[in-house]
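All remarks here apply to the structure that follows.
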Amino acid sequence: MNWCPHFGSNKSFNYEFVEILSDYIVAIDVHVAYLDKAKVFTCLFHRVGDPFLVLAKDTFRFSHRIPSMKMTGMERNDVPEESFKLDPASFIFSHL
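Those letters in the sequence shown? Residues 1 to 96, by UniProt numbering.
Written as structure tokens, this is what we have:
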């Protein structure tokens with residue numbers, strides 16, 4: 001892997017947000033689903049596509065947990081049910 005040791009570098013990174021659907025234990029495979037940014041909102045994400053399996057050998061791809069709150073859909077008319085409001089201080093918007 002080509003990890004970038006310098007925070008100030010001009011290298012661009014891509015982030016993928018997932019919801020972990022099964023118990024997360026580093027030594028075993030884990031089921032996840034991709035989350036995509038909901039239109040009009042700055043930090044609201046909803047599940048897209050079918051869940052899939054991440055093999056234990058690939059779990060190094062998980063960098064950190066982002067604090068979130070699961071939405072009911074009753075907050076506003078246009079809030080997708082079971083979407084997640086992610087803590088905006090936990091990720092960089094310029095990469096979305």
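The C-beta atom is built at its ideal place from N, Cα and C for all residues, glycine as well.
Computed from a prediction, not measured in an experiment: that's the story for all the values here.
Which first and last residues belong to the beta strand (DSSP E) in which residue i is found?
i, result
"V32", "30-37"
"I20", "17-20"
"H46", "44-54"
"K57", "It is not in any beta strand (DSSP E) - K57 carries neither H nor E in the DSSP assignment."
"residue 98", "Outside the shown range of the chain, which is 1 to 96, sits residue 98, and nothing can be said about it."
"M69", "68-70"
Going along the chain, which residues of its own chain have a beta-carbon closer than 7 Å to the beta-carbon of residue i, five neighbours each way excluded?
i, result
"S90", "I66, P67"
"I28", "A56"
"V32", "V18, E19, I20, L21, P51, F52, V54"
Between residue i and residue j, how many whole angstroms is the CB-CB distance? I'm expecting something under 8 Å.
i, j, result
"L44", "F17", "Actually they do not touch by this definition, with Cβ atoms about 11 Å apart."
"P88", "T42", "7 Å"
Taking its Cβ as the centre, do 16 or more other Cβ atoms sit within 10 Å of residue i, making it buried, or is it exposed?
i, result
"S83", "buried"
"V48", "exposed"
"V30", "buried"
Whose C-beta lies closer than 8 Å to the C-beta of residue i among residues of the same chain, with five residues either side of it excluded?
i, result
"E81", "M71, T72, G73"
Express the C-alpha separation of residue j and residue i in angstroms, rounding to a whole number.
i, j, result
"K37", "H46", "7 Å"
"F52", "N77", "30 Å"
"M69", "I25", "22 Å"
"K85", "V40", "13 Å"
"D23", "F62", "14 Å"
"V79", "H64", "25 Å"
Is residue i near the ligand SAM - that is, is its Cβ less than 7 Å away from at least one heavy atom of it?
i, result
"V30", "In the structure shown, the ligand SAM is absent, as is every other ligand, since no ligand is present at all."
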